[in-house]
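Just so we're on the same page, the working numbering is the position in the sequence shown counted from 1, plus 4. Just so you know, even glycine gets a beta-carbon here, dropped at the ideal spot from N, CA and C. The model shown is predicted, which means the values in this text are computed figures rather than measured ones. Report on the structure given below.
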Amino acid sequence: PASPVLFLVTPGSDPSQELEEHAAKTRGRGRYHQLAMGQGQAAGAMRLLAECARTGDWLCLKNLHLVVAWLPNLEKEIYVLKPHADFRLFFTSEPHDKFPASLLEGCLKVTYEAPPGLKRNVSRTYEAWGHQYIS
């Protein structure tokens, strides 16, 4: 899809591991990149965005709710990109009142929540890790 995918997450939930596994299966290892946003990450995010768009890699910018003041800059950059056909852009964010409406409207939105309860959370983590991490 040409539109970015925005995962709206709850505290404690993170779809990036599953996204990385899916990317490894469909695109191959090393073709998925992610960056946790926060103070000082804007320049690195812009470099990764340009590079991944050029090469057709997948990029996930995580925790956009921490950098809402910077999001209009990101949005401008997204609209001037001439991306490779295989390029995919993903975001994760907790809901935030100041998240730009125009960026929300331009994204495919997916809600991602942690399973309720400690037992389900541990079970989900255990299943995601696989045998190579457990033994």
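| Query | Result |
| --- | --- |
| Would you mind listing the beta strand (DSSP E) stretches within the segment 8-64 that are 3+ residues and don't spill past its ends, in chain order? | 9-13, 36-40 |
| Which residues in the same chain have their Cβ closer than 7 Å to the Cβ of L107, if we skip the five residues on either side of it in sequence? | L75, E79 |
| What are the boundary residues of the alpha helix (DSSP H) that includes K80? | 75-84 |
| When burial is assigned at 16 or more other CB atoms within 10 Å of the CB, is S7 buried or exposed? | exposed |
| With distance defined between alpha-carbon atoms, name the residue in E24, M50, R31 nearest to N77. | M50 |
| Can you give the Cα-Cα distance for T100 and L63, rounded to whole angstroms? | This sequence places His at residue 100; Thr is not what is there. Going by the C-alpha atoms only, they are around 22 Å apart. |
| What is the rounded straight-line gap between the Cα of M41 and the Cα of R33? | 22 Å |
| Can you tell me the Cα-Cα spacing of T59 and H26, whole angstroms? | 18 Å |
| Taking its Cβ as the centre, do 16 or more other Cβ atoms sit within 10 Å of T14, making it buried, or is it exposed? | exposed |
| Just to confirm, are T96 and N67 a CB contact at a threshold of 8 Å? | yes |
| Shortest alpha-carbon distance to E81 belongs to which of G44, L53, E24? | L53 |
| Residues bridged to K102 by DSSP? | Paired residue(s): none; K102 is not in a bridge. |
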